[in-house]
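To keep things clear, I will list the structure first and then write my remarks on it.
Put into C-alpha cells, the structure is as follows:
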C-alpha cells in the first residue's frame, strides 16, 4: 500500500481531533497503515513480532519488523484494541530512533586531563570507569550527609524489572527515598494538555 505524506498528516490530524472530541472514528486503511513498511508486502525476509510502545502509559501495541538482527520497520497493530493500528509521531519513528546518530551508546563522563572534572568536557568512557566514579562519589556523599545526600534520576522508559531493581537499590540498599523518573520533566507539558482535554492528569487510556 502507498501512503503519501499528505495522507499521513491528514489521517493523524483527524485522529487527534477525534480523540480530543471523544469521537470514535472508523479505522480506515490509510490510518491503519501509517507505517514505515506494510507487513503484507514486506517480503518473507522480514520477521514481524508484536510489542508495546514504550513512550507513554497509553499502552499502544506495535508491530516490529526485524531483518538480520536489526529493527527495519514498525507500524501500529491493527488488531490492538487501544490504538487500533494508529501511532503517534513518536511511535511512527520507533525504528528510526534506535539507530539515530545522536543516540548514546557509551557512558559519558566530564573529563579534564584524563580525570573526572565537573568543569570538563563530556567524554566517552568504559562502563567500569563510569561505575567506579559513581561509586566513589556516592560513598563520599553518604559519608558526609547520610542516605538523604544521594539520589537517583531514572527513566520513564524503564521496564518493570528495572524500576523494581532501582527502587530496591535506593530504598533497601542505600536507605534513601530520593528516587524520581525523568517523567517529572518530560511529561510536564503533556499534563497541561491532559488537564485541558480530559480533565485528568494522565493519558486517556484508550482512543475511544
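In the numbering used here, the protein residues as written are 1051 to 1258.
In this text, a Cβ means the ideal position worked out from N, Cα and C, and glycines have one as well.
| Check | Outcome |
| --- | --- |
| With a floor of 4 residues, list each alpha helix (DSSP H) that falls wholly inside the segment 1155-1223, ordered by position along the chain. | 1177-1195 and 1210-1217 |
| Tell whether a beta-carbon distance below 7 Å holds between residue 1124 and residue 1111. | no |
| For residue 1111, list the residues DSSP reports as bridge partners. | 1102 |
| Nearest-angstrom Cα distance between residue 1198 and residue 1228? | 7 Å |
| Nearest to residue 1095 by CA position, among 1121, 1222, 1190 and 1210, is which residue? | 1121 |
| Thinking C-alpha only, which one of 1242, 1119 and 1153 is nearest residue 1097? | 1119 |
| Quick one: is residue 1076 buried, meaning 16 or more other Cβ sit within 10 Å of its Cβ, or exposed? | Any answer about residue 1076 is weak, because its pLDDT of 49 lies below 50 and its placement is not dependable; what the coordinates show is given next. Residue 1076 comes out exposed. |
| From the DSSP output, read off the bridge partner residues of residue 1121. | 1116 |
| Figure out for me which residue from 1105, 1230, 1244 and 1223 has the closest Cα to the Cα of residue 1148. | 1105 |
| In the DSSP assignment, find the alpha helix (DSSP H) that holds residue 1007 and state where it starts and stops. | Since the first and last residues shown for the chain are 1051 and 1258, residue 1007 lies out of range. |
| Express the C-alpha separation of residue 1188 and residue 1164 in angstroms, rounding to a whole number. | 21 Å |
| Taking the beta strand (DSSP E) that residue 1231 falls in, what are its first and last residues? | 1229-1231 |
| For the segment 1198-1215 and the segment 1173-1185, state whether three or more C-beta atom pairs, one from each stretch, are separated by less than 8 Å. | no |
| What residue range does the alpha helix (DSSP H) around residue 1237 cover? | Element bounds for residue 1237: n/a, residue is neither H nor E. |
| Between residue 1173 and residue 1161, how many whole angstroms is the CB-CB distance? I'm expecting something under 8 Å. | 4 Å |
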